[in-house]
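Input: a single structure, listed below in structure tokens.
Numbering (my numbering), first residue to last: 20 to 507.
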């Protein structure tokens, strides 16, 4: 059982602690002895606590310095609109975008010739990049280059993809192979044995064989890269042929079965389930060919296609192709499902002769925004009759299938056009290259950039058919809220 003192301490613990503190105050020597006799674990815990709070203070100090004292690097400021003019210049139909200086913002590339020496810049692209290699060509004076450089796998073992150049001389198509790292020619010139035209496509079959496809009038011609390499070098290489494709190619003419009614104008790759398929665009029809069998997957009804189609997404995550069917006042925009060839939508959009090409940008809802050029007054033919060339830029989004948004109208001659995401998943804008209608005559050349969202508030809403319940301002607001997404 507890004695009297223990029982009192149990009942009145606070009074007991108070009594002990008074006793300690009255006996300082005893306190000192207690401190001196404190166990080492207690002193070690105090040291650990001090180290913890010191490290915590240092961490907070570093966070403060990094967040508030050290300035963040300046982010390049993107201008919403800019325009650059070149007087007395000759312009070329070339417009491209790429990140040249590695700042994750797209740069604009174009070609022009300045005939006014006093207006020349002191710097050029050559001053900013280094030249990897430079060699004079071995082509004859009568040869013309049919296509851009085609990249082929490394054949000389230097670790860099090599370059294949196709030329035409006296109706004979030839191939030239160059090292991608040094620029030296590999072997000699090799003839393809055909008289093809422009529009070459480097295709890889599902067996891994490389073939060059190109239009030959209303037929499709092809040549194996393996055979061309053997002609050029006189020896075997890393390429292989596809027995099925060799059986389809005529041994003499290298032509395949005709898949087009009318002249073949464009060959384009289309992503497929087991490799790339081939979209063959003719002057009177177009067809999607299986990438291995070259058999038609689908063939829509006859169409009058004179322009290169563009790809985009009409339905979420479903690739579609936008085709310009007809010209002038009879022009229609057809949206076709690339999986089935079914017509998803049709827009009547009259245009002027020689209008700019169309473009598309992916949006965050897994669809695409499309940009087409047409007449300013869609229901009137006065512009074509009077010869007043006034191109209007229209924006279309599949969520509003009966509405077009007129963003801008241009009366000067348009040489090239493109829609671009200048920054990853943001800053949608269009680039316009204007200049003299005569490509050989010097004049005023302009490069213009406009941010798409800035043009929406002042745009004109064009309703196709009966108007919906939304007001014009509500439609503009929906276009303003569109978010864009870079391709993966």
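Ideal placement from N, C-alpha and C gives every residue a C-beta, glycine not left out.
Enclosing alpha helix (DSSP H) for residue i [first to last residue]
{"i": "residue 472", "result": "471-474"}
{"i": "residue 247", "result": "244-252"}
{"i": "residue 262", "result": "262-267"}
{"i": "residue 104", "result": "Not the alpha helix (DSSP H): residue 104 falls in the beta strand (DSSP E), residues 100-117."}
{"i": "residue 498", "result": "491-499"}
Status (buried if at least 16 other CB within 10 Å, exposed otherwise) for residue i
{"i": "residue 500", "result": "exposed"}
{"i": "residue 517", "result": "Since the first residue of the chain shown is 20 and the last is 507, residue 517 is not available in this structure."}
{"i": "residue 84", "result": "exposed"}
{"i": "residue 372", "result": "exposed"}
{"i": "residue 2", "result": "The structure shown does not extend to residue 2, since the chain is modelled only from 20 through 507, so no value can be given for it."}
{"i": "residue 312", "result": "exposed"}
{"i": "residue 178", "result": "exposed"}
{"i": "residue 203", "result": "exposed"}
{"i": "residue 229", "result": "buried"}
{"i": "residue 233", "result": "buried"}
{"i": "residue 492", "result": "exposed"}
{"i": "residue 350", "result": "buried"}
{"i": "residue 193", "result": "buried"}
{"i": "residue 502", "result": "exposed"}
{"i": "residue 513", "result": "No answer is possible for residue 513: the residues shown for the chain start at 20 and end at 507."}
Limits of the beta strand (DSSP E) - the one that residue i falls within
{"i": "residue 233", "result": "229-235"}
{"i": "residue 288", "result": "283-291"}
{"i": "residue 225", "result": "Looking at the DSSP string, residue 225 is not in any beta strand (DSSP E), and its letter there is neither H nor E."}
{"i": "residue 438", "result": "433-442"}
{"i": "residue 330", "result": "329-334"}
{"i": "residue 351", "result": "351-356"}
{"i": "residue 170", "result": "169-171"}
{"i": "residue 122", "result": "It is not in any beta strand (DSSP E) - residue 122 carries neither H nor E in the DSSP assignment."}
{"i": "residue 258", "result": "No beta strand (DSSP E) holds residue 258; DSSP gives it neither H nor E."}
{"i": "residue 388", "result": "387-394"}
{"i": "residue 296", "result": "294-301"}
{"i": "residue 341", "result": "337-344"}
{"i": "residue 446", "result": "445-453"}
{"i": "residue 410", "result": "410-415"}
{"i": "residue 367", "result": "362-367"}
{"i": "residue 429", "result": "422-429"}
{"i": "residue 315", "result": "315-317"}
{"i": "residue 326", "result": "Where residue 326 is concerned, there is no enclosing beta strand (DSSP E), given that its DSSP letter is neither H nor E."}
{"i": "residue 378", "result": "378-381"}
Cβ pair residue i, residue j closer than 8 Å
{"i": "residue 319", "j": "residue 355", "result": "yes"}
{"i": "residue 370", "j": "residue 353", "result": "no"}
{"i": "residue 259", "j": "residue 245", "result": "yes"}
{"i": "residue 504", "j": "residue 339", "result": "no"}
{"i": "residue 432", "j": "residue 453", "result": "yes"}
{"i": "residue 310", "j": "residue 283", "result": "no"}
{"i": "residue 410", "j": "residue 374", "result": "yes"}
{"i": "residue 416", "j": "residue 448", "result": "no"}
{"i": "residue 221", "j": "residue 268", "result": "no"}
{"i": "residue 218", "j": "residue 285", "result": "yes"}
CA-to-CA distance, residue j to residue i, given in whole angstroms
{"i": "residue 114", "j": "residue 129", "result": "5 Å"}
{"i": "residue 132", "j": "residue 466", "result": "14 Å"}
{"i": "residue 181", "j": "residue 122", "result": "28 Å"}
{"i": "residue 148", "j": "residue 117", "result": "14 Å"}
{"i": "residue 137", "j": "residue 450", "result": "Interpretation of residue 137 is limited by its pLDDT of 47, a score under 50 that renders its predicted location unreliable; no figure is taken from the coordinates."}
{"i": "residue 316", "j": "residue 292", "result": "12 Å"}
{"i": "residue 77", "j": "residue 445", "result": "38 Å"}
{"i": "residue 240", "j": "residue 342", "result": "24 Å"}
{"i": "residue 67", "j": "residue 82", "result": "23 Å"}
{"i": "residue 364", "j": "residue 247", "result": "43 Å"}
{"i": "residue 427", "j": "residue 289", "result": "31 Å"}
{"i": "residue 346", "j": "residue 472", "result": "29 Å"}
{"i": "residue 414", "j": "residue 103", "result": "24 Å"}
{"i": "residue 336", "j": "residue 75", "result": "49 Å"}
{"i": "residue 358", "j": "residue 134", "result": "50 Å"}
{"i": "residue 195", "j": "residue 469", "result": "41 Å"}
{"i": "residue 498", "j": "residue 174", "result": "50 Å"}
{"i": "residue 496", "j": "residue 475", "result": "8 Å"}
{"i": "residue 482", "j": "residue 368", "result": "12 Å"}
{"i": "residue 185", "j": "residue 506", "result": "30 Å"}
{"i": "residue 443", "j": "residue 124", "result": "8 Å"}
Test: residue i CB closer than 8 Å to a CB of chain B
{"i": "residue 414", "result": "The structure shown contains no chain B; it holds only a single protein chain."}
(message) Whether or not the stretch 246-261 and the stretch 322-331 are in contact is what I'm after, with contact meaning three or more pairs of Cβ atoms, one per stretch, closer than 8 Å; do they touch?
(response) Proximity of the stretch 322-331 to the stretch 246-261 falls short of the contact definition, fewer than three beta-carbon pairs being nearer than 8 Å.
(message) With a threshold of 8 Å, are at least 3 pairs of Cβ atoms found where one atom belongs to the stretch 415-430 and the other to the stretch 438-445?
(response) With a cut-off of 8 Å, the stretch 438-445 and the stretch 415-430 do not count as touching, because too few Cβ pairs lie within range.
(request) Determine contact between the stretch 447-465 and the stretch 106-113, defined as no fewer than three beta-carbon pairs at a distance below 8 Å. (result) Under the 8 Å Cβ criterion, the stretch 447-465 counts as touching the stretch 106-113, having at least three qualifying pairs.
(request) Report yes or no: do three or more beta-carbon pairs, one from the stretch 292-301 and one from the stretch 373-389, lie closer than 8 Å? (result) Cβ pair count under 8 Å is below three, so no.
(request) Answer yes if the stretch 449-458 comes into contact with the stretch 478-491, meaning at least three C-beta pairs across the two stretches below 8 Å, and no otherwise. (result) The stretch 478-491, when compared against the stretch 449-458, does not touch it at the 8 Å Cβ threshold.
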